[in-house]
Amino acid sequence: MTAGIPRFTEAESVTEQQTDTDQQAEAPGPESAADFEGGDRLSTAPRPESSLAVPRLGTWELLRWMWRQLTSMRIALTLLFLLSVAAIPGSLLPQREIDPSKVLQFYLAHKTWAPILDKLQLFDVFESVWFGAIYCLLFISLVGCILPRSLAHFRAMRGRPPAAPRNLKRLPVHASFRTAAPAEQALAAAQKRLKGRRFRTVTGADAGGTWVSAEKGYLRETGNLIFHLALLGILVAVAIGHFFGFKGARLVTEGNQFCDTVAGYDNLTMGQLVGPEDLPPFCIHLDKFTASYQDSGDQMGQPRTFDAYTTYYATPTSKPKKVDVRVNDPITVNGTNVFLEGHGYAPVVTVKDGTGQVVYDGPVTFLGIDANFTSSGSIKVPDAKPKGLGFQGYLLPTAVTVPGSMPASVFPAAQNPVLILAAYAGDLSMDAGESQSVYTLDTSHMTRLQVKDKTNPAGGNALMLSVGQSATLPSGLGSITFDGVKQWAQFNIAYDPGQPIALGSAAFAVLGLVGSLGIRRRRIWVRVSEQGDGTRLIEVAGLARTEGATPTTEVTEAAETLAAQLTVAPSGSAPEERVPEERDPAEPGPAENDKQQRKSTPRTGASA
Amino acid sequence: MINENLAHYSNLFIALALVAYAFAFFAYCAEWAFGSRSRIGAKAGAVGRSDAAVAGASAAAGEHTTVSVGSSGVSVLTRTAQEEAEPTIAGDSVRAEIGGRFAVLATFIGFGLHAAGVVSRGLAVHRVPWANMYEFSCAAALAMAFAYVVLLTTGRKVRWLGLPVTFIVLLTLGLAYTVLYTDAEELVPALHSYWLYIHVTAAVLSTGAFGVATVATMLYMLKAAAEEGKLPRLHGVLERVPSSGMLDRTAYRVIAFIFPLWTFAVIAGAIWAEKAWGRYWGWDPKETWSFIVWVIYAAYLHARATHGWKGRAAAWIALLAFLCVMFNYFGVNTLLTGHHSYAGL
Ligand code: HEM
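Protein chains in written order, with the working numbering: chain A, 1 to 608; chain B, 609 to 953.
Listed below in structure tokens is the structure:
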């Protein structure tokens, strides 16, 4: 079994193969399996391992043994399972790659568990060593499996269909008739018929007479190989994207502009082989952002349209172009795609400090936190005199105040925006080196200011401003004015040169799969044998090489067509009695034969 | 704009379809309950496995050797499992047969109403009617009913599928109508894409077909156990279910047929993700679970081709895979947060 291609594999695709094994065991002699299969296996799948016991062998043999294990179907199956199990935590636990802030939250909520999970790389499942190990092994196994199979298939494609077995009656479907036509004519007609049906045919002769052997459906294995190769193609595409691509995100407020430089991004991930100079030099200006929402029914508040009206410059010197970027409708600038990913509100405020100087004037981005777009954020004015000022709070796009409780937003559009802010004074700790989130205030060195609005006792110690309103801070620290609301849009910028390869591979994978699962591979034999009384017995028989492909109709029709062409010899006996009469005299008797039939198709129930 | 009238009719059709399916379900139940052991089954049972001589031409259970002689003098010998030889649920009982026929009729009526409900919903909202969980559930149930109806009309003896199929369709549709229901509305911007048509259609069809395969797999497990002499209390009923081999084959064929479509659905999803979010694969929970489903069905197909894994082991894999399909739908949509949030839930 070590040299050459093993005959029977655990990865057999055909149930009838077992039939062959049994036949071989029960009827040894010239009709060996090699005859039967013409030297090629029913499946070109990898060799089996009869046992998992490690043989006592030298290093070379051990390596070979390991390689064979790795490329066996059983291991492929195990690895596929492992891969699916390994992916599960990636969907249940927050992932850094997808949303780092969620990981942070998880850390805060599970102080003991989080570091352990982190050690196990469970927050980076898809970049983890163990996930990588599984898919690397799987793909090594795949290569080890595919290459020999491709070679074997290539040989099978160029080789000839196997010689006809001696006793065609043993095959799952068998049709026969007698004719007075000459053997050559019968054989030629049979071959013509099968060729016409695009079978690959070969003729031959042996002690039993002359035969045609035909096979069809090679594309099944071709499809299977293409499918597995295409999976490799997808892996290559992912690797290319990983090394040569980049992706980043940038939040742009209406009236502002973003340029594609490393400094221009809020966050940017570049492949190892990409440098800052590789970023295409385009700029995008957000002129206006509009959103519309369902305003009635049980889906009230659901978004209906988003439009980011932008002006972009493909290069700093090129002519400006106006585009409406929408979800599902990115713009492509020099091969780089710009997607509309998110949106939100940016309240515009003016802050004056204790000296009366305007220390801040402009929009501040707030993040939406619920379906009605209640947005949270902070306003930081570290340079205010005499003390640094900071505000932390919420923007309610459509605020409704029920007497006695805090106002709340009831609709995502900015129909009645209200800003609710807690005010702080002191050191904002912005020079501490550690980078701060722009949405939260570090109040550890600040004091909360008393700004309680006496007209609204439920409001708590917070400023509540509608558009146009101002509030004066206590102790002459300054004032704040809510001037209005702008919207911002978040753009994702992505470049992935592996994409066309991934797409092509995926297309081949589907095509290959359709071929692999849809094409039936089967063999048909026709045997012409002299009957001594001047007539010839024509037998047609078929065998499936893939599950459920027994060519019953094909065999029956071929026999009927041939019979019509070759004008059947008159038969004296009743049809029922003819069957035993036609049996090979060398065959065991009917009872035994039945037993053998049963044995030879032990799993017919599960096959054919 | 939404056509409120049509949307209203759509709801009515779905409600009527539920009623028709319920009738079908009870009629199938009657067929199973009244059905009696057919003569073929009784004989095969009496012959058992040891007494080969008596079995004669029909040899072992499930295997069938036929000899037929055509007009042109051709005698054909087939030694394949014959679907014609399979028992039927009704067996010899006339009452059961009537129940079964009535059930099929009710199934067809239910399917017609169901289809009318889904189509009118689509016409009411001017788009494909599978953009939120209510619509998706209606459509997947329709796909499943469709798979069964197609098998029926091609003249196959698949009435045994009727009971479990109507049960699942009834369950899915009922859940959709009572819990998941949302009014007919326009789409959220994230779904404004022709990929909704391609990707979700493929996903709906695959889900429905995987459901049918799962029914066959579960029956296979029961029948295989019964054939081994286990489950004595269910023996009477299971005897009239097709042979385990046939059930196993049915499950395999459906999965092998639909797996390429599921592969395509995942790929179409990836293309859409690229267009919408700028990356074709980002391990979003929906993507992750679709991947898991895909890998497990691939494992199933591998298992079918691996010695020692055929039969029951492979069947367990298929059941596990469908469990993942269900989790991917209900679990991921309701428990996990990701990019794939359906409007209305
Ligand atoms: C990347 C992981 C893999 C995936 C997703 C995968 C998927 C598939 C699928 C879906 C089929 C079904 C096609 C059919 O039944 O004709 C299949 C068949 C097959 N695969 Fe894989 N495969 C993978 C890796 C492997 C490996 C590593 C091996 C080698 C050990 C292998 C060997 C085979 C063989 C021999 C068949 C043909 C089975 C038959 O004749 O029915 N595959 N594969």
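Beta carbons: idealized from backbone N, C-alpha and C, even for Gly. Here the structure is a predicted model, which means the values were calculated and not measured.
Three or more pairs of CB atoms, one per stretch, sit closer than 8 Å, so the stretch 801 to 812 of chain B contacts the stretch 875 to 890 of chain B. Within the DSSP bridge table, the entry for A:W211 names A:G204, A:R527 as partners.
For A:N328, at least one C-beta of chain B is nearer than 8 Å to its own C-beta. For A:Y265, there is no enclosing beta strand (DSSP E), as DSSP marks it with neither H nor E. The residues L839, L842, L846, V849, in chain order, have a CB closer than 8 Å to that of B:L830 in the same chain once the five nearest residues on each side in sequence are set aside.
At a beta-carbon threshold of 7 Å, the residues of chain B lying near A:A502 are Y888, ordered along the chain.
For B:S618, not one C-beta of chain A is nearer than 8 Å to its own C-beta. In this structure, A:A489 keeps its C-beta atom at 8 Å or more from the C-beta atom of A:I480.
Look at the beta carbons and you see the stretch 303 to 315 of chain A touching the stretch 281 to 293 of chain A: at least three pairs across the two are nearer than 8 Å. Looking at the DSSP output, B:C932 sits in no beta bridge, so it has no partner there. Cβ atoms of A:F282 and A:N334 come within 8 Å of each other, at about 7 Å. Neighbourhood of B:E639 in chain A, by CB distance below 7 Å: empty, with the nearest CB roughly 24 Å away. Judged by DSSP secondary structure, A:A86 falls outside any beta strand (DSSP E) and instead within the alpha helix (DSSP H) spanning 73 to 92. For A:I538, the secondary structure class from DSSP, reduced to helix, strand or coil, is strand. Using a CB distance cut-off of 8 Å, A:N492 counts as an interface residue toward chain B. For A:S91, the chain B residues whose C-beta falls within less than 9 Å of its own C-beta are W891, D892, P893, K894, E895, T896, W897, I900, V940, L944, G946, listed in chain order. Assigned with DSSP and collapsed to three states, A:H343 falls in strand. Look at A:M406 here: in three-state DSSP terms it is coil, with no helix or strand label. Classified as exposed, B:R764 has fewer than 16 neighbouring CB atoms from the shown chains inside 10 Å of its CB. Close partners of A:H228 in chain B (Cβ separation under 8 Å) are lacking, with about 11 Å as the shortest Cβ gap. Along the stretch 817 to 840 of chain B, there is no position whose C-beta sits under 8 Å from a C-beta of chain A. Non-local C-beta neighbours of A:G498 in its own chain, meaning closer than 8 Å and more than five positions away in sequence, comprise V236, A237, V238, A239, I240, G241, H242, F244, G245, ordered along the chain. Per the coordinates, the alpha-carbon of A:A263 lies some 13 Å from the alpha-carbon of A:P280. Per DSSP, the continuous beta strand (DSSP E) segment holding A:H174 begins and ends at 173 to 179.
The beta-carbon distance between A:T556 and A:T179, rounded to whole angstroms, is 17 Å. This is too long to meet the 8 Å contact definition. Annotation: A:K216 to A:R155 spans about 15 Å, alpha carbon to alpha carbon.
Of the candidates A:T317, A:D496, A:R198, A:D496 places its Cα closest to the Cα of A:Q272. Residue contact check for A:E554 against chain B: no CB pair falls below 8 Å. The Cβ-Cβ distance between B:T914 and A:M73 falls below 8 Å.
The residues K387, G388, H445, M446, T447, in chain order, have a CB closer than 7 Å to that of A:G426 in the same chain once the five nearest residues on each side in sequence are set aside. Of all C-beta pairs linking the stretch 401 to 413 of chain A to the stretch 348 to 366 of chain A, fewer than three are shorter than 8 Å, placing the two stretches out of contact.
In the three-state reduction of the DSSP assignment, B:S851 falls in the coil class. Between the stretch 213 to 230 of chain A and the stretch 140 to 153 of chain A there are three or more C-beta pairs closer than 8 Å, enough to call the two in contact.
Taken in chain order, the members of the stretch 855 to 878 of chain B whose beta-carbon sits within less than 8 Å of a beta-carbon on chain A are D856, R857, Y860, R861, A864, F865, F867, P868, T871, F872, I875, A878.
Within its own chain, the residues whose Cβ lies closer than 7 Å to the Cβ of B:A711, once the five positions on either side in sequence are excluded, are A632, A635, Y636, E639, G770, listed in chain order. Residue contact check for B:K883 against chain A: a CB pair falls below 8 Å.
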